[in-house]
Every structure is written in structure tokens, then in C-alpha cells.
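When we follow numbering that gives the first Met the number 0, the leftmost residue of the sequence shown carries the number 0, and every step to the right adds one. Structure first, commentary second.
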Amino acid sequence: MLQPKMTFLGAAGTVTGSATLIEYQKLKVLVDCGMFQGPKKIREQNFSLYDKQLASSIDAVILTHAHIDHSGLLPKIYQLGFRGKIYSTQATFDLCKVMLPDSAYLQEEDAKRYHSSDKSRHPLYTVDDANACLGLFEVIHRKQWFEIAPGFGFQYFRAGHILGSSFVQISIQTGNGVRLVSFSGDLGNGRQYMIKSPEDLPETDDLVLESTYGDRLQDRNPPHQKIKQLVSEICASGGALVIPAFAVGRTQEILHILRELEQNGDIPSIPVFLDSPMALEATDIYLSDNDDLKLEVKEGKLIPPLSPSNFQRVRKMEDSIRLTHTKGPLIIISAAGMLTGGRILYHLKTRLAEARNIVLFVGYQAEDTKGRLLQSGLRTIRIHKEQIHVKAKVESIDSLSAHADSDDLVEWVSRINKPPKRVILNHGEPKALNALCYRLRYELDLDVIIAKQNESYNL
Numbered sequence: 000m001l002q003p004k005m006t007f008l009g010a011a012g013t014v015t016g017s018a019t020l021i022e023y024q025k026l027k028v029l030v031d032c033g034m035f036q037g038p039k040k041i042r043e044q045n046f047s048l049y050d051k052q053l054a055s056s057i058d059a060v061i062l063t064h065a066h067i068d069h070s071g072l073l074p075k076i077y078q079l080g081f082r083g084k085i086y087s088t089q090a091t092f093d094l095c096k097v098m099l100p101d102s103a104y105l106q107e108e109d110a111k112r113y114h115s116s117d118k119s120r121h122p123l124y125t126v127d128d129a130n131a132c133l134g135l136f137e138v139i140h141r142k143q144w145f146e147i148a149p150g151f152g153f154q155y156f157r158a159g160h161i162l163g164s165s166f167v168q169i170s171i172q173t174g175n176g177v178r179l180v181s182f183s184g185d186l187g188n189g190r191q192y193m194i195k196s197p198e199d200l201p202e203t204d205d206l207v208l209e210s211t212y213g214d215r216l217q218d219r220n221p222p223h224q225k226i227k228q229l230v231s232e233i234c235a236s237g238g239a240l241v242i243p244a245f246a247v248g249r250t251q252e253i254l255h256i257l258r259e260l261e262q263n264g265d266i267p268s269i270p271v272f273l274d275s276p277m278a279l280e281a282t283d284i285y286l287s288d289n290d291d292l293k294l295e296v297k298e299g300k301l302i303p304p305l306s307p308s309n310f311q312r313v314r315k316m317e318d319s320i321r322l323t324h325t326k327g328p329l330i331i332i333s334a335a336g337m338l339t340g341g342r343i344l345y346h347l348k349t350r351l352a353e354a355r356n357i358v359l360f361v362g363y364q365a366e367d368t369k370g371r372l373l374q375s376g377l378r379t380i381r382i383h384k385e386q387i388h389v390k391a392k393v394e395s396i397d398s399l400s401a402h403a404d405s406d407d408l409v410e411w412v413s414r415i416n417k418p419p420k421r422v423i424l425n426h427g428e429p430k431a432l433n434a435l436c437y438r439l440r441y442e443l444d445l446d447v448i449i450a451k452q453n454e455s456y457n458l
């Protein structure tokens, strides 16, 4: 019998591009198939990571959740010849039906911009590729063992990160008996206002653990007071509160908090614009998939309601452009959350130059993204080939993260009934990986290693 092994294709030394290849006898299974995001040198891997030989040899993909850094290269491997099954929860599939075609549209628009500047580049993949790969999905319910092939099965548990997110426990029959290999995916922290806490992992031999916030502790203070203060400021100045937010998860949390503040009389009823077609569709999915929600869903409506009273949906691009010049006070929520693209850039292009406006970051900003640069105090930023002088106030809230922080991760691992024989850290920047590695070794006495890209580990 060949020695089973796993190879980290992405999210090794970085937080994006999650993809781990497990080889068992003749079987090849990917856990996640994520897109690389951030600076150009990292994004270029999206074009080179898979070739036709590798993509067509993959038998299945086990998807932990719908975020693009975990799912975004599924259309790419389809384009290159992958025709296996893609396993996910129902909510993850529903979100992918929105997110993957949207991602493909952005790839096509990117390629058009290259052509307009006398450069030539094909899109990473097309909308047709994205729609076609959706036909390969098979929904798997949590806590139900599913056998992909004799001697190789898996089950899902709630990860508490976003709707549908799950960690995975894989069972592999080896020459020395059954080996359990678990992947955390992205773990939640139990402090979100809408999503339930992560479940506990019963046992595992190997644990692949995310490390996004492995070097820091999040603010435990509720964000309501700060949001109330910022809304008060833009009401006084007549400005705009611009909130870059991930379309899935963070947007819905922000809407819920704004509704709470308004209901309690802490903020006035001012226009709240959600300018992201994908976020609008994701919000509708949140109203229909309620297994992970702390809130009750009744007849397609959240109890209490999700949105503030003066909530306005922006779908058409011409309405979005008009909104960039609409006078305040008003609140604009738009994507992408790390300013890697999307309509948010048009709002920042016009709003950053005015001191009466406020930009509020409510999520993780990866290294070298426009979001991280602006958050760190950069006073001039380039958007759509224009240099924008930043006069707007830039604020951040850390307590809305959907990720577990360092304490959460250590505590979650400590609750595993049978301590893992080996922990392999991924999905983190070097500082976070090293800090979490140290804590797990010295606080829990575990064998911990940090994953390296393209390195294989025997199982």
C-alpha cells in the first residue's frame, strides 16, 4: 500500500489560496481550492498553480466554506479538465452559486482592462466556467460520514465562521489502521451576533489548523458604541460613513447592528445603502438558510429584522455611480472588504478626499492590500490609476472578526478529547504562524509544524 500523503498547494505562509492535496492509493482529493489574493506576485499563482494534468487527475474537492480564498479556483480547475465531485454543505453551495459567477465576472472585466491598456491577457476563468463547475456540487449534511472511495471518508462539523462553514474530519485506512486527519478551515470565535459557535472536534491524529489571528487577541468590546459615535459624527458633518465589508458574513452583521442601534434610539434613521449585488444575494441566502443562525427565521424574515428602516438596495451600476455623489448624512456598505476591487473603490475615489467623511474597516486586511495600506495611515492612495489624497477619517473595529483569535484557537484545540499527534499550521502570515506555533508547543505540549508550500507530509 502506498503511503498516504498531503501536500499544501496554497495558504502556506499566507492567508489566501487555501488548497491541500491528499493522495491515497490512486485517489486524489483537494481540501479547498482557493484563490490567491493580495499583491501581484501572490495573485499570479492563480494562473500557474494548476495545469491540465493535475486538474484532470483530481477526483474530488471537499469544500470547507464559500469564501473566495477557499473556493475561488474551482472554475479554474474545471476549465483545465477537472470533472470530479465538489462536496459542500447546502449553505456553502447556495453561496457559491452567487460568489463564483461574480468572481468570474470580475476576472473577465480585469482581462478587458488589460486589453484597453494595450496589454493582452485572457481571464483567469469565465462566467461559463463558473456556472459549469456548479453542476459538480454534491451537498453533504454535517455529522454524516460520507465515503468518497473504499477506505476514505469524511464528515463535516460546524465551524462558526460564516453561513455553511465547516471543519472536516477525514478517515483514511492505512497499513497501520485508521488515521484521522482534520482541517479546521476558517474557525469562528463564538462572538458573532448572527452565527453560532464552532462545534468541538471529537478526536484527530493530524490537525491542519488556520492561524489568521495566531499572534493577536481581538477586542472583546461590542462595536455598538463606536459605530454610534461615528454615525453621530457624520450626522453632524453631513458626510458619509463608508464601510468596506465582505459580502458574506460581515455585511449581514453590520446591517443587524445598525438595526439594533436604530431600534434602541442610539442612532437616527438615516439612509443605509448596500451597494454590492453579491452582498444583496448573500443577504437573501441568510434569510433562507437558518441552521447556523442564532436568530430565528420565520416566513423568510429574520426575527428581529436584519436591516434598519431606511435600508436601500443598490443593484444597477448607474445607481452606484450616482450614489458616489449623493449628499449625506448616509451610510454606504460595499465590497470588496479589503479594497481588492469592486464598487467600494468608486466610493472611496470620491469620498476619501473630503474630511467630513469616515471610512470604517470592519474586517481583516491582508498584507499589501489597499485596505491594509489605508488602515495603516497612508495619506495618498492610488485608485483606478489616480492618486487620491486622504483627508477622510479612517477607523477600524476589530471586534467584528469572524475568525478565532489566538486564545480561541488554543482553547479550541485544548478541548479535543484525544490530543492530536501532530498539528500543522496554515492560513496565516509568518508572524501569526510562529506565535501560534509557540503557544501550542509550550502551553499544550503538542508536536507543531508550520506548513510550507508544495511540501508533502506522510499520513
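We treat Cβ as the ideally placed atom computed from N, Cα and C, and that holds for glycine. Source: prediction; values computed, not measured.
Query raised in the report: With 16 other CB atoms within 10 Å as the buried threshold, where does N425 fall?
Result: Locating residue 425 in the sequence shown gives position 426, counting from the first residue. Buried, since its Cβ has 16 or more Cβ neighbours within 10 Å.
Query raised in the report: Contact check, D291 vs G163 under 8 Å by CB: the rounded distance?
Result: Sequence index remark: in the sequence shown, residue 291 carries index 292 (1-based). Sequence index remark: in the sequence shown, residue 163 carries index 164 (1-based). About 7 Å; that satisfies the 8 Å criterion.
Requested in this report: Could you work out which residue in L73, L72, I76 and S398 is closest to I253 when comparing CA atoms only?
Outcome: Position 254 of the sequence shown holds residue 253. Sorting L73, L72, I76 and S398 by C-alpha distance to the C-alpha of I253 places S398 at the top.
**Report entry** Buried/exposed call for V361, threshold 16 Cβ in 10 Å
**Finding:** Residue 361 sits at position 362 when you count from the first residue of the sequence shown. So V361 counts as buried.
Query raised in the report: Where does H160 sit, in a helix, a strand or coil, going by DSSP?
Result: Here the question's residue 160 lines up with position 161 in the sequence shown. Coil.
Query raised in the report: If you run the structure through DSSP and keep just helix, strand and coil, what is M5?
Result: As a first step, residue 5 is located in the sequence shown; it is residue number 6 there, counting from the start. Strand at M5.
Query raised in the report: Looking only at C-alpha atoms, which of A158, I226 and H402 sits nearest to L216?
Result: In the sequence shown, residue 216 corresponds to position 217, counting from 1. Nearest neighbour of L216 by Cα position, chosen from A158, I226 and H402, turns out to be H402.
Query raised in the report: DSSP three-state call for H388: helix, strand or coil?
Result: Looking up residue 388 in the sequence shown gives position 389. Three-state DSSP puts H388 in a strand.
**Report entry** Nearest-angstrom Cα separation, counted from E202 out to N416
**Finding:** Indexing the sequence shown from 1 puts residue 416 at position 417. Indexing the sequence shown from 1 puts residue 202 at position 203. In a straight line, the C-alpha of N416 is about 6 Å away from that of E202.
**Report entry** Contact under 8 Å by Cβ, L73 with I61
**Finding:** For the purposes of this step, residue 73 is taken as the residue at position 74 of the sequence shown. For the purposes of this step, residue 61 is taken as the residue at position 62 of the sequence shown. No, they are not a contact pair.
Requested in this report: Find the nearest neighbour of I357 within the set H383, V247 and I233, judged by alpha-carbon distance.
Outcome: By 1-based counting over the sequence shown, the position of residue 357 is 358. The residue from H383, V247 and I233 with its alpha-carbon nearest to that of I357 is I233.
Query raised in the report: Which full runs of the alpha helix (DSSP H) of 4+ residues lie inside the stretch 38-119, going along the chain?
Result: Every alpha helix (DSSP H) stretch that sits fully inside the stretch 38-119 and reaches 4 residues is listed by chain position as 39-42, 44-47, 51-56, 67-70, 73-78 and 89-115.
Query - Proximity winner among L105, V138 and R112, relative to S87 (alpha-carbon distances) - result: In the sequence shown, counting from the first residue as 1, residue 87 sits at position 88. Cα-wise, what sits closest to S87 is V138.
Query - Cβ-Cβ distance between L459 and A239 below 8 Å - result: Only positions 0 to 458 of the chain appear in the structure, and residue 459 is not among them; the question remains open.
Requested in this report: Mind reading off the beta-carbon distance from E261 to S268? Whole number of angstroms is fine, and I expect it under 8 Å.
Outcome: Within the sequence shown, the letter at position 262 stands for residue 261. Within the sequence shown, the letter at position 269 stands for residue 268. Right, their Cβ atoms sit about 6 Å apart.
Query raised in the report: Nearest-angstrom Cα distance between Q452 and R321?
Result: As a first step, residue 452 is located in the sequence shown; it is residue number 453 there, counting from the start. As a first step, residue 321 is located in the sequence shown; it is residue number 322 there, counting from the start. Here the alpha carbons of R321 and Q452 stand approximately 45 Å from one another.
Query raised in the report: D185 and T63: beta carbons closer than 8 Å?
Result: Taking the first residue of the sequence shown as position 1, residue 185 is located at position 186. Taking the first residue of the sequence shown as position 1, residue 63 is located at position 64. The Cβ-Cβ distance between D185 and T63 falls below 8 Å.
Requested in this report: Specify the secondary structure class of S275 as computed by DSSP and reduced to three states.
Outcome: In the sequence shown, the residue the question calls residue 275 occupies position 276. Reduced to three states, the DSSP call for S275 is coil.
Query raised in the report: By the 10 Å Cβ neighbour count, where 16 or more other Cβ atoms means buried, how is V177 classified, buried or exposed?
Result: Taking the first residue of the sequence shown as position 1, residue 177 is located at position 178. V177 should be labelled exposed.
Query raised in the report: Where D444 and S170 are concerned, what is the direct C-alpha to C-alpha distance, given to the nearest angstrom?
Result: Locating residue 444 in the sequence shown gives position 445, counting from the first residue. Locating residue 170 in the sequence shown gives position 171, counting from the first residue. Cα atoms of D444 and S170: separation of roughly 24 Å, rounded to the nearest angstrom.
Query raised in the report: On the three-pair Cβ rule with 8 Å, is the stretch 362-376 touching the stretch 329-341?
Result: The stretch 362-376, when compared against the stretch 329-341, does touch it at the 8 Å Cβ threshold.
Query raised in the report: Which whole-angstrom value is the C-beta distance of I332 and L273, which I expect to be below 8 Å?
Result: Locating residue 332 in the sequence shown gives position 333, counting from the first residue. Locating residue 273 in the sequence shown gives position 274, counting from the first residue. Yes, they are in contact, since the Cβ atoms of I332 and L273 sit about 5 Å apart, within 8 Å.
**Report entry** For Y155, the nearest candidate out of W144, N45 and I161 (CA to CA)
**Finding:** To locate residue 155, count along the sequence shown from 1; it is residue 156. Answer by Cα proximity: W144.
Query raised in the report: Is L179 closer than 8 Å to Q172 when the C-beta atoms are compared?
Result: Counting from 1 along the sequence shown, the entry for residue 172 is found at position 173. Counting from 1 along the sequence shown, the entry for residue 179 is found at position 180. For Q172 and L179, no; Cβs fall outside 8 Å.
Query - Chain-order list of residues whose beta-carbon lies under 7 Å from that of I382 (same chain, five-residue window excluded) - result: Position 383 of the sequence shown, counted from the start, is the residue given in the question as residue 382. Cβ within range, chain order: L344, L347 and K348.
Report task. Assign K430 to one of three DSSP states: helix, strand, or coil. Result -> For this step, residue 430 is matched to residue 431 along the sequence shown. It is helical.
**Report entry** Cβ distance (whole Å) where A278 is taken to contact T323 below 8 Å
**Finding:** Taking the first residue of the sequence shown as position 1, residue 278 is located at position 279. Taking the first residue of the sequence shown as position 1, residue 323 is located at position 324. Taking 8 Å as the upper bound for CB-CB distance, A278 and T323 are not in contact here, some 17 Å apart.
Query raised in the report: Counting along the chain, where does the beta strand (DSSP E) carrying K27 start and finish?
Result: Looking up residue 27 in the sequence shown gives position 28. Segment L26 to V30, the beta strand (DSSP E) holding K27.
Query - Distance between G264 and E22 (C-alpha atoms, nearest Å) - result: The residue labelled residue 22 in the question sits at position 23 within the sequence shown. The residue labelled residue 264 in the question sits at position 265 within the sequence shown. Near 57 Å, if we compare the C-alpha coordinates of G264 and E22.
Report task. Please list, in chain order, all residues of the same chain as E353 whose beta carbon is under 8 Å from its beta carbon, the five residues on each side excluded. Result -> Within the sequence shown, the letter at position 354 stands for residue 353. The answer, listed in chain order, is G238, K390 and A391.
**Report entry** Within 8 Å, strictly: CB atoms of F153 and T19
**Finding:** Walking along the sequence shown from the start, residue 153 turns up at place 154. Walking along the sequence shown from the start, residue 19 turns up at place 20. Their beta carbons are not under 8 Å apart, which means F153 does not touch T19 by this criterion.
Requested in this report: Please name the residue in V28, A59, A65 and F35 whose C-alpha comes closest to that of A281.
Outcome: To locate residue 281, count along the sequence shown from 1; it is residue 282. The shortest CA-to-CA distance from A281 to any of V28, A59, A65 and F35 is the one to A65.
Query - Neighbourhood of S455 by C-beta distance below 6 Å, restricted to the same chain and skipping five residues each side - result: Against the sequence shown, residue 455 aligns to sequence position 456. If you ignore the 5 residues before and after S455, its C-beta comes within less than 6 Å of the C-beta of K4 and T6, all in its own chain and listed in chain order.
Report task. Rank I284, K227, Q52 and L53 by C-alpha distance to the C-alpha of I256 and give the top, closest one. Result -> As a first step, residue 256 is located in the sequence shown; it is residue number 257 there, counting from the start. Here the closest residue by C-alpha is K227.
Query raised in the report: If you drop the 5 nearest sequence neighbours on each side, which residues of the same chain put their C-beta closer than 7 Å to that of C436?
Result: If you number the sequence shown from 1, residue 436 lands on position 437. Within the same chain, Cβ atoms closer than 7 Å to the Cβ of C436 are found at L424, V447 and I449, the five residues on either side in sequence being excluded.
Query raised in the report: Going by DSSP, what residues sit across from Y212 in a beta bridge?
Result: Numbered from its first residue, the sequence shown carries residue 212 at position 213. In the DSSP secondary-structure assignment, Y212 is bridged to D404.
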